[in-house]
Each structure stands twice: as C-alpha cells, then as structure tokens.
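Here's the structure, in structure tokens; my notes come after.
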Amino acid sequence: MTHTQIDQAMVSGLATSFGAKADSSAVSTGLDGKVDTAGHSVSDVTGSRVLGTSYQNTAARRHRTAYVTVSPAASAIAAGELSSDGTTWIIVAEHSNQDRRTIMLVVPPGWFYRVRMTAGTATLNRWSEVQ
Numbered sequence: 011m012t013h014t015q016i017d018q019a020m021v022s023g024l025a026t027s028f029g030a031k032a033d034s035s036a037v038s039t040g041l042d043g044k045v046d047t048a049g050h051s052v053s054d055v056t057g058s059r060v061l062g063t064s065y066q067n068t069a070a071r072r073h074r075t076a077y078v079t080v081s082p083a084a085s086a087i088a089a090g091e092l093s094s095d096g097t098t099w100i101i102v103a104e105h106s107n108q109d110r111r112t113i114m115l116v117v118p119p120g121w122f123y124r125v126r127m128t129a130g131t132a133t134l135n136r137w138s139e140v141q
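The numbering of the sequence shown is the working numbering, which starts it at 11 and goes up by one.
Shown next, in the form of structure tokens:
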C-alpha cells in the first residue's frame, strides 16, 4: 500500500468527519486485500454487511476502521453507532439528505459497531474495513 493510497483513505474519512462529501473509492478500489508493513489490511465487505445489523471487532489489540457509504432517501438519516456491550449505543456520525456519504467508524477491540437508519431508508453503496 503506497502513502498516496493511505492518504486518500484518510482524506476520505476526515472529509466525512468535517461534513464534506466523500467518495469511498479510495478505500475500496485497488486496495482490497492489500496488507501494509504494519499488518493492516483493507477489505471490501459490502456483500457480507447489512444496514441495521451489529458487528463486533474481535481483534485483541487492534482498532478496526469501517468506511460505510450510503445514499439516504429524501428525509432519511443514517447513523454510525458504537457500543461497548452491544446493548447501549452511541451515535458517533450521522448523515442525511439525498447525497452519497461515507460514515467512518473507528472501533476499539471488543466493541460493537453498526450503521442504521434512524429515519427513512438508504442504499448501502459500499462497506470497506481496515484492520
């Protein structure tokens, strides 16, 4: 993985954090399955992820970063959430309107994560993870 590819993924996540439109292609296209020198790998897990379903970071010592791109319908709200116990959830990112947006979640080891609709519906465009 080159520094340019890593920078593109970071910019995508940071742009989302500051409310700018982001494109997940830097995280998925061309990076799937690659491993850097620190042992981090990027995986496109879109086919195995569903909005509203919770997942757990089972790694013992490594944070997982999920980049989830959704296209909410009119008046819809997509929320990225984290939970230490799988029961009590904290919204860490929200996006609405009809724009394609990427939600970035940094998940501590053992924690749960999900992206769900708090209002309306959305299309899951891509779900990529770095671990």
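Ideal placement from N, C-alpha and C gives every residue a C-beta, glycine not left out. The structure presented is a predicted model; accordingly, all values stated were derived computationally and were not measured.
**Rounded separation between Ala-132 and Glu-139 - CA only** = Whole-angstrom Cα-Cα distance: 20 Å.
**Prompt:** So, are the CB atoms of Ala-76 and Val-117 less than 8 Å apart?
**Reply:** It is a contact, given that the beta carbons lie within the stated cut-off.
**Request:** Could you round the C-beta distance between Gly-124 and Gly-57 to whole angstroms and report it? I think they count as a contact, below 8 Å.
**Result:** It should be pointed out that residue 124 corresponds to Arg in this sequence rather than to Gly. Contact between Arg-124 and Gly-57 does not hold, since their C-beta atoms are separated by about 17 Å, which reaches or exceeds 8 Å.
**Nearest to Ser-64 (by Cα), restricted to the options Ser-106, Leu-134 and Arg-126** = Measuring from the Cα of Ser-64, the nearest candidate turns out to be Arg-126.
**Prompt:** Is there contact here, the stretch 82–91 with the stretch 65–72, by at least three beta-carbon pairs under 8 Å?
**Reply:** No contact exists between the stretch 82–91 and the stretch 65–72.
**Asked** Expressed to the nearest angstrom, what Euclidean distance is found between the alpha-carbon atoms of Arg-59 and Leu-92?
**Response** Those two C-alpha atoms are separated by around 16 Å.
**Prompt:** According to DSSP, which residues form a beta bridge with His-105?
**Reply:** By DSSP's assignment, His-105 forms a beta bridge with Ala-88.
**Item:** Distance, Arg-110 Cα to Ile-87 Cα
**Value:** Going by the C-alpha atoms only, they are around 12 Å apart.
**Request:** Under 8 Å by Cβ, that's how I've got Val-78 and Ile-100 pegged, so tell me the actual separation to the nearest angstrom.
**Result:** About 16 Å separates the two Cβ atoms, so there is no contact after all.
**Request:** Note down the Cα distance separating Ala-129 from Val-55, rounded to an integer number of angstroms.
**Result:** Using only the alpha carbons, I get a separation of about 24 Å.
**Item:** Classification of Gly-90 by the beta-carbon crowding that lies within 10 angstroms, buried from 16 upward
**Value:** When all chains shown are included, Gly-90 counts as buried.
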